[in-house]
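*Asks:* In my numbering, the protein residues as written are 7 to 342.
I have a structure here, written as structure tokens, and I will follow up with some questions on it.
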């Protein structure tokens, strides 16, 4: 079933996409699209990663060198000290744990009473000097959101690399032993599903049930929730689409399934993204497209001004259809 009666024009280039995201939103919502608050600071601490995943919109990998400095982290902490309404710090990357100051940032955020999320690829725990991290995360009661695109080994290894599935299963079992994924402990473990290829995710609730049954029966693994996230036509995934001649098809799919009810829950309306160098963005996707927040006079963490940013106008583009297609997509799963 389609969610929109918008006229569909297959784009030959993203810049030629019609209708624009602004036009699509304007049919159902007054313009401009603005933030409502800033309750979450999503901090991308670098593009260094121990994996090279086909769908990665960050284009992260072992050869990247971008990494947030401790000076920039201290600027993030200064913002937290001045802005009590920001209650969640969502740490991402790359593999965020590859940043040498990752533990410092976690400790300082928890000392300030903030909820901390670690977006983890699970295999980073096997890197040299990282084996202590599961216990560290548990001791600081960090919420883990872990990538696992399927409960079948072949599909996971196809997207994330040979041997990733087996290492991920072992990592999840170890996290369970520490209490993660068990309702009574309060140690939250969510999984993230990304589709294989240019398709929308299936219904989140149904897929979550499948994951719980399969992982539970086969490996004895427990987790709290499954989030389904639409792949964005950015960086590596866009390159794959282009190489396969499917970029135009994918943009048309996103357009055709535009869902206006997803707009209210867009993560950019309550989240601010911080790049590894301290630049500010409306979301992690805008960050990878080098589309900073407006006004750009306040587009750095050292220039953070709540009065200027709390209700800022959101910078949008064709990729925003990825967050509003089907049931919608955000860092917290489906929206509608």
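Glycine included, C-beta positions come from ideal geometry on N, C-alpha and C.
Treat the numbers as computed from the prediction; the structure is a model and nothing was measured.
(1) For the beta strand (DSSP E) holding residue 121, just list the boundary residues, first then last.
(2) Quick one: what's residue 48 bridged to in DSSP?
(3) Could you have a look at residue 153 and say whether DSSP puts it in helix, strand or coil?
(4) So, at 6 Å on beta carbons, what are the nonlocal neighbours of residue 326 in its own chain, with the 5 sequence-adjacent residues on each side left out?
(5) Can you confirm whether the region 31 to 50 touches the region 89 to 99 when touching is taken to mean that 3 or more C-beta pairs between the two stretches lie within less than 8 Å?
(6) By the DSSP assignment, the beta strand (DSSP E) with residue 198 in it spans what residues?
(7) Hey, is the region 215 to 223 in contact with the region 259 to 272, meaning 3+ C-beta pairs nearer than 8 Å?
(8) Assign residue 11 to one of two classes, buried (16 or more other C-beta atoms within 10 Å of its C-beta) or exposed (fewer than that).
(9) Terminal residues of the continuous alpha helix (DSSP H) containing residue 303?
(10) Tell me residue 213's beta-bridge partners as DSSP assigns them.
(11) Is residue 169 helix, strand or coil when you go by DSSP?
(12) Let's test the definition: count the other Cβ atoms within 10 Å of the Cβ of residue 8 and tell me whether it reaches 16, buried, or not, exposed.
(13) Can you tell me whether residue 89 is helix, strand or coil according to DSSP?
*Replies:* Considering the structure as presented:
(1) 121 to 126
(2) 96 and 279
(3) Three-state result, residue 153: strand.
(4) Cβ within range, chain order: 27.
(5) yes
(6) 195 to 199
(7) no
(8) Bear in mind that a pLDDT of 37 at residue 11, under 50, signals an unreliable position, so the number given afterwards is only what the model happens to contain. Classification for residue 11: exposed.
(9) Segment: none, residue 303 is in no alpha helix (DSSP H) and carries neither H nor E.
(10) None, per the DSSP bridge assignment.
(11) In the structure shown, residue 169 adopts coil according to DSSP, grouped into three states.
(12) Its pLDDT being 37, under 50, residue 8 is placed unreliably by the model, and the measurement read from it follows with that caveat. Residue 8 is exposed by the Cβ-count criterion.
(13) In the three-state scheme derived from DSSP, where H, G and I count as helix and E and B as strand, residue 89 is classed as coil.
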